[in-house]
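Letter by letter, the sequence shown follows residues 59 to 313 in this note's numbering.
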Amino acid sequence: MDLLVLGAGPAYTDRPGATGASYLVRHGVTRVLLDIGQGSFTKLAATLEPSTVDLVAISHLHPDHFIDLVPLRHYLRWQFHPARHVAVVAPRGLAGRLDALHDEPGFSAAALDVADLDPGARDVGTLRLEARRVRHTADSYAFRVSIADDAGSPQARGLVYSGDCGAAMDLAPLVRPGDDLLVEASFGEGPVPPGAEHLDAPAIAELAAATRPGRILLTHIQMDHDPEATAAAVRSRFDGPVLVAEPGVEVTIGG
Numbered sequence: 059m060d061l062l063v064l065g066a067g068p069a070y071t072d073r074p075g076a077t078g079a080s081y082l083v084r085h086g087v088t089r090v091l092l093d094i095g096q097g098s099f100t101k102l103a104a105t106l107e108p109s110t111v112d113l114v115a116i117s118h119l120h121p122d123h124f125i126d127l128v129p130l131r132h133y134l135r136w137q138f139h140p141a142r143h144v145a146v147v148a149p150r151g152l153a154g155r156l157d158a159l160h161d162e163p164g165f166s167a168a169a170l171d172v173a174d175l176d177p178g179a180r181d182v183g184t185l186r187l188e189a190r191r192v193r194h195t196a197d198s199y200a201f202r203v204s205i206a207d208d209a210g211s212p213q214a215r216g217l218v219y220s221g222d223c224g225a226a227m228d229l230a231p232l233v234r235p236g237d238d239l240l241v242e243a244s245f246g247e248g249p250v251p252p253g254a255e256h257l258d259a260p261a262i263a264e265l266a267a268a269t270r271p272g273r274i275l276l277t278h279i280q281m282d283h284d285p286e287a288t289a290a291a292v293r294s295r296f297d298g299p300v301l302v303a304e305p306g307v308e309v310t311i312g313g
């Protein structure tokens with residue numbers, strides 16, 4: 059199983075080439091996309107045929123995590139005759155938001171098969187996707203992705219993606235020792251402003267000490283926070299590998 063970072067940016071940034079949050083997990087012929095933020099459809103289309111994605115999992119209903127469903131929908135609707143469809147799971151209300159954006163009832167359903175996301179696990183091809191609510195919006199999720207056939211093995215390694223999260227320890231039930239932890243570090247070295255409901259390096263280091271991931275990938279770092287300084291702050295309290303997720307970064311999960 060491997061992870062390709064299509065985009066790792068926050069809602070706004072001055073970093074050239076930044077793309078909104080989007081992470082492609084592949085195993086064999088199965089492709090699961092975690093979020094699809096601004097600009098990420100272009101990266102997806104340059105990587106594979108977008109209609110072959112088995113599932114798009116949306117962590118929460120902030121546009122920087124789902125807005126490129128719009129170009130995906132247009133592509134599926136107009137590039138093929140008849141239109142193709144891609145499955146999407148998301149917190150309740152996503153389809154209505156996309157329809158309202160275009161003032162067109164049924165806009166989403168023309169090419170996106172949207173289902174409500176609930177806590178729990180589902181198999182998608184050869185992969186297993188586990189969702190758990192975290193503090194951020196009223197209905198936000200983190201995900202763990204693993205190989206379905208290995209789900210019962212305590213040695214199996216997976217990928218835990220935080221989405222946006224205001225309490226690091228909300229992620230702890232998803233993380234098994236040795237997992238790769240793809241975690242937002244919006245406020246860099248910290249501190250997180252009151253009410254922001256995001257994470258910083260000290261919170262991530264505390265989570266790592268409690269859960270012992272094999273590797274940490276930092277993502278979604280806000281403008282004016284230095285990514286390398288953020289990584290150094292996590293490394294000061296975690297002795298495993300710490301990477302900064304950027305578009306094009308590819309890693310083997312558990313490798």
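Beta carbons are placed, not taken as given, at the ideal position from N, Cα and C, and that holds for glycine.
All figures in this text were calculated on a predicted structure; none of them were measured in a lab.
Contact between ARG190 and ALA209 does not hold, since their C-beta atoms are separated by about 15 Å, which reaches or exceeds 8 Å. It is roughly 17 Å from the alpha-carbon of GLY78 to the alpha-carbon of ASP282.
Contact between the region 199-215 and the region 135-142 is absent: fewer than three C-beta pairs spanning the two stretches fall below 8 Å. Note that the region 218-225 does not touch the region 150-158; fewer than 3 beta-carbon pairs, one per stretch, sit closer than 8 Å. DSSP, reduced to helix, strand and coil, places SER211 outside both helices and strands of the structure shown, so it counts as coil. When Cβ pairs closer than 8 Å are counted between the two stretches, the region 221-235 is seen to touch the region 255-262, the count reaching three or more.
Note that the region 196-204 does not touch the region 98-106; fewer than 3 beta-carbon pairs, one per stretch, sit closer than 8 Å.
The straight-line gap separating the alpha-carbon atoms of HIS278 and GLN137 is approximately 31 Å.
Contact between the region 78-93 and the region 159-179 is not established, with fewer than three Cβ pairs separated by less than 8 Å. In this structure VAL128 is buried. Its beta-carbon is surrounded by 16 or more other beta-carbon atoms within 10 angstroms.
From the listed residues VAL300, VAL87 and PRO299, the smallest Cα separation to GLY183 is found for VAL87. Within the region 108-196, the runs of alpha helix (DSSP H) at least 4 residues long that lie entirely inside it are, in chain order, 127-136 and 152-159.
Counting only residues of its own chain and dropping the five nearest sequence neighbours on each side, THR110 has a CB closer than 7 Å to the CB of ARG89.
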